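Note sheet for the following structure.
In this note's numbering, the protein residues as written are 1098 to 1367.
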């Protein structure tokens, strides 16, 4: 009882954000590989006002050098689906404490199905600012990208291509993403994947990027992923759309340590 009470207390005072939790994740047990932290939220913290070398795969907190356990990998069934848990803390997933601190929602609490902020139209959700949204319909959406590099050090923004997007997330804890049927198989040693989220309003304009060891299964495709290009906002004019593989959205970040000016491409997610 004391242990459960202590964990709940820690969860209640920890500043909350959201990330996709699953086996194969870097920093799943925290950045210290000598111990496994079932109550970690290291991978959840947002990336803001950081140089590329610091936000890239959460280098600033050591997650890029905290790989998953041997044999743990995120499997991507070609033409199928895969499921992750969107939560503020590992303890609020089924990957810790037999799931006793989970609920249908990322914060482990109960909320109405039509959860929204106060007012009409609704303001931002106040009791869980980590959602960065007014309601489900305004949730910006999240994505996974893949690089056909087994070594994270070899992953670049040009060879990391978005392959699946889930609209109106993060919302519920359970999130299921679709895998293209023609996604080619990974090389020996697997691929490197990233979960991506650039909230559109409601709070500080953070961005999120988490790393995973991943592998495409059941694929016989011989296609090659093209070099990924920066996306552009084109909902109002399809002639502006960028064809082919797309890069992640890098949002409110420094260009480099030596040139601390912001590069803001928020218009990509209007």
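Note that beta-carbon positions come from the ideal geometry of N, C-alpha and C, so glycine has one too. Please read all numbers here as calculations on a predicted model, not as lab measurements.
Here DSSP, grouped into helix, strand and coil, assigns residue 1308 to strand.
Using a Cβ distance threshold of 8 angstroms, residue 1287 and residue 1161 do not count as a contacting pair.
Under the three-state reduction of DSSP, residue 1160 is assigned to helix. Boundaries of the beta strand (DSSP E) around residue 1178: 1178-1184.
In this structure, residue 1229 and residue 1299 form a Cβ contact; the two beta carbons are roughly 5 angstroms apart against a cut-off of 8 angstroms. A residue is called buried once 16 or more other Cβ atoms fall within 10 Å of its Cβ, and residue 1344 is buried on that count.
In this model, residue 1277 and residue 1319 are separated by some 13 angstroms (Cα to Cα). DSSP places residue 1150 in no beta strand (DSSP E) but in the uninterrupted alpha helix (DSSP H) bounded by 1149-1152.
In this structure, DSSP gives residue 1345 a state outside helix and strand, which the three-state scheme calls coil. Cα atoms of residue 1143 and residue 1292: separation of roughly 12 angstroms, rounded to the nearest angstrom.
Excluding sequence positions up to five before and after residue 1190, its CB lies within less than 8 angstroms of the CB of 1118, 1182, 1184, 1196, 1199, 1270, all in the same chain and listed in chain order. Between residue 1289 and residue 1252, the C-beta spacing is below 8 angstroms. Per DSSP, reduced to three states, the secondary structure at residue 1259 is strand. DSSP, read as helix, strand or coil, puts residue 1274 in strand. Only buried fits residue 1239, as 16 or more other CB atoms lie within 10 angstroms of its CB.
Collapsing the DSSP output to three states places residue 1318 in coil. Where residue 1285 is concerned, there is no enclosing beta strand (DSSP E), because DSSP gives it neither an H nor an E.
Residue 1326 and residue 1313 have their C-alpha atoms roughly 22 angstroms apart.
In this structure, the alpha-carbon of residue 1131 lies about 30 angstroms from that of residue 1146. The residues 1252, 1256, 1257, 1288, 1289, in chain order, have a CB closer than 7 angstroms to that of residue 1244 in the same chain once the five nearest residues on each side in sequence are set aside. The bridge partners DSSP lists for residue 1337 come to none.
Residue 1330 and residue 1236 have their C-alpha atoms spaced approximately 17 angstroms apart. The continuous stretches of beta strand (DSSP E) do not include residue 1143, and DSSP gives it neither H nor E.
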